[in-house]
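Working notes, beginning with the structure itself.
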Amino acid sequence: GQQLNQSPQSMFIQEGEDVSMNCTSSSIFNTWLWYKQDPGEGPVLLIALYKAGELTSNGRLTAQFGITRKDSFLNISASIPSDVGIYFCAGNQFYFGTGTSLTVIP
Amino acid sequence: DSGVTQTPKHLITATGQRVTLRCSPRSGDLSVYWYQQSLDQGLQFLIQYYNGEERAKGNILERFSAQQFPDLHSELNLSSLELGDSALYFCASSVRGTSGNHYNEQFFGPGTRLTVL
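So the protein sequences, as listed, match chains L and U. The working numbering applies: residue 68 is where the first sequence begins, and numbers increase by one. The working numbering applies: residue -9 is where the second sequence begins, and numbers increase by one.
Given below as structure tokens:
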């Protein structure tokens, strides 16, 4: 399958800090998706991106579809404890990154 | 609660055995997807069904098979189990399948944790 490289692998941040993570691929994708997975649960869709260059926000979350169509970025502003979890990118719906584990220290 | 149900929640079995995982999609959803999540592989897409027919195939082993029934529930059958098959298996559903490049939001179930001893 197509390989998506997600970084960083894990992050430990203070509450209130901003967070950035990204996903890169060797292949072009037509759709980029970002999910969050809480322990013991399935992933939940956060943001879907459909066009190169698209910038979309969902509350404190902002994601961008890279111009090259080979990457995407997710930013979380003013992190709070409930942001803790694993964040996954997915290209063309089926191909998932390896995840970024986020820990927010109160 | 996504509305997608999966049973059983946990399954412990031995190598060489065969198991069946069950998924009921959200009411009204026609498409079902199966994923495998293991520690070293992340989420791997296995297979998609739409209204009873196979729509897309991912990294699904020949030892694994799936089907979607007329009532739209789906089963994933895993046979000749190996230690490496131990993983979380997720089912997701969406209203439709894919339409060109347009994404139909997938809603994930809580998963079945399979342990092969």
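By construction, the Cβ of each residue, glycine as well, lies at the ideal position given by its N, Cα and C atoms. Keep in mind that this is a model prediction, so the values were computed, not measured.
query: Whose CA, out of 151(L), 83(L) and 79(L), lies closest to the CA of residue 144(L)?; result: 83(L)
query: Could you name the residues of chain U that residue 108(L) contacts, counting a contact when the two beta carbons are closer than 7 Å?; result: 100
query: How is residue 150(L) classed by DSSP in three states: helix, strand or coil?; result: helix
query: When the cut-off is 8 Å and only beta carbons count, does residue 112(L) lie next to chain U?; result: yes
query: Between residue 86(U) and residue 63(U), what straight-line distance do the alpha-carbon atoms span, to the nearest angstrom?; result: 15 Å
query: Under the rule that 16 or more other beta-carbon atoms within 10 Å means buried, what is residue 82(U), buried or exposed?; result: buried
query: Can you say whether residue 103(L) is buried or exposed, counting buried as having 16 or more other CB atoms within 10 angstroms of its CB?; result: buried
query: Per DSSP, residue 138(L) forms a beta bridge with which residues?; result: 91(L)
query: Would you verify that the beta carbon of residue 132(L) is, or is not, closer than 8 Å to some beta carbon of chain U?; result: no
query: Below 8 Å CB to CB, which residues in the same chain sit around residue 110(L) once its five sequence neighbours on both sides are set aside?; result: 102, 103, 104 and 155
query: With burial defined as no fewer than 16 other Cβ atoms inside 10 Å of the residue's Cβ, what is the status of residue 2(U): buried or exposed?; result: exposed
query: Specify the secondary structure class of residue 74(U) as computed by DSSP and reduced to three states.; result: helix
query: How about residue 165(L): is its C-beta nearer than 8 Å to some C-beta of chain U?; result: yes
query: Just the Cα atoms here: how many angstroms apart are residue 29(U) and residue 78(U)?; result: 9 Å
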